[in-house]
Amino acid sequence: MLTIESAARITAVIVGIGILQGSLQLLLSLKEFGSSGLFDWNSRQILARSQRASRGWMVGHSGSVWLRIVVIARIVCSIALITPFQSNLFYASYATIILLSSLFLAYQIRYGKDGSNQISFIILAGLAFTFLLPTSSPFQAVGLYFIAAQALLAYFAAGISKISNAQWRQGTALQSILNTATYGHSTAAAVLRRRPWLGGFVGWSVIVVEIIFPVALVAPPGVLVALLFAGAMLHLGTAVLIGLDTFFWAFTATFPAIIFVHGVLLGR
1 MLTIESAARI
11 TAVIVGIGIL
21 QGSLQLLLSL
31 KEFGSSGLFD
41 WNSRQILARS
51 QRASRGWMVG
61 HSGSVWLRIV
71 VIARIVCSIA
81 LITPFQSNLF
91 YASYATIILL
101 SSLFLAYQIR
111 YGKDGSNQIS
121 FIILAGLAFT
131 FLLPTSSPFQ
141 AVGLYFIAAQ
151 ALLAYFAAGI
161 SKISNAQWRQ
171 GTALQSILNT
181 ATYGHSTAAA
191 VLRRRPWLGG
201 FVGWSVIVVE
211 IIFPVALVAP
221 PGVLVALLFA
231 GAMLHLGTAV
241 LIGLDTFFWA
251 FTATFPAIIF
261 VHGVLLGR
């Protein structure tokens, strides 16, 4: 069984790596937020207006400078979050700064959001809460319970959504995704075209794993390990084939919390 301290630290390292990777990628694309970029001030104003959102906090024509400052702060704090042998107060500060910067970027950049952004928010909030409370507090583990519960709910909801979709039930959804320009992988799509049964097998395997994933909390240790391994392979495959590499770091970062809660429930 993982302790609160070890589960929180492992979670911080994994999510820190993911935040670092995403922030470095964003830093390289910030030129698009300049005056001649794809997402300049006027474009972002139009998008915010179309979503009926307040533009009072939208950074102006010099927004790319402010965005660069925020992204660099995220990079520094994510590296600090990965670095061991610091006090919990420092870790709570790093997680809080990254969380606030995530909210700021979500407001400023209104495109490209996915489930990994949401689960990262949840992890950072749970970590900040866990690290902020003293080890003597009976509520310190609440942050880890929150992370585990949200992760299991996300898996279950994703499985229910897929089984409600005719393409997933028929086994053609994966091939359709791999044939797209944005998330496509021509080689994998060609393999599924030649072997339709493989698409059905992989699709139903994903559905089953996601729907039964909440069982991990009360399953025997061997089943828990198998489900976590299946989840990790699912996200690794998504990263390699579809390019959604942020999902791998965001969701595997919830695994230490799941292991911790599993140990608590089974009295280990």
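In terms of the UniProt record's numbering, the sequence shown opens at residue 1 and continues consecutively.
Cβ atoms here follow ideal geometry from the backbone N, Cα and C, with glycine treated the same way.
From a predicted model like this one, the values you see are computed outputs, not experimental measurements.
Span of the alpha helix (DSSP H) around residue i
i, result
"Ala216", "Run containing Ala216: none; DSSP gives neither H nor E here."
"residue 269", "Here the chain comprises residues numbered 1 to 268, so residue 269 is not present and cannot be evaluated."
"Thr11", "4 to 28"
"Ile259", "255 to 265"
"Phe247", "245 to 252"
"Met233", "221 to 241"
Distance, residue j Cα to residue i Cα
i, j, result
"Ile4", "Gln118", "23 Å"
"Arg9", "Ile17", "12 Å"
"Gln167", "Val225", "30 Å"
"Ile72", "Ala157", "34 Å"
"Ala95", "Leu89", "10 Å"
"Arg169", "Val223", "25 Å"
"Gly263", "Thr172", "38 Å"
"Gly237", "Val15", "19 Å"
"Trp66", "Gln21", "20 Å"
"Ala189", "Leu178", "5 Å"
"Gly60", "Leu30", "Residue confidence for Gly60 is low, a pLDDT of 49 falling below 50, so the modelled location carries little weight; the figure read from the coordinates is stated next. Straight-line Cα distance between these residues: approximately 14 Å."
Where residue i falls, given that 16 or more other Cβ within 10 Å makes a residue buried
i, result
"Trp57", "Legend: pLDDT at Trp57 = 48, less than 50; position of this residue unreliable, no value from coordinates given."
"Gln175", "buried"
"Val261", "buried"
"Asp81", "Checking the sequence shown, residue 81 turns out to be Leu, not Asp. Looking at its Cβ environment, which holds 16 or more other Cβ atoms inside 10 Å, Leu81 is buried."
"Ile69", "exposed"
"Thr182", "exposed"
"Gly159", "buried"
Residue i and residue j closer than 8 Å at C-beta
i, j, result
"Ala230", "Ser116", "no"
"Gly143", "Leu153", "no"
"Ile163", "Ile212", "no"
"Ala257", "Ile147", "yes"
Query raised in the report: What runs of the alpha helix (DSSP H), each 4 residues or longer, lie entirely inside the stretch 108 to 181?
Result: Complete alpha helix (DSSP H) runs here, min 4: 115 to 132, 142 to 163, 166 to 170, 173 to 178.
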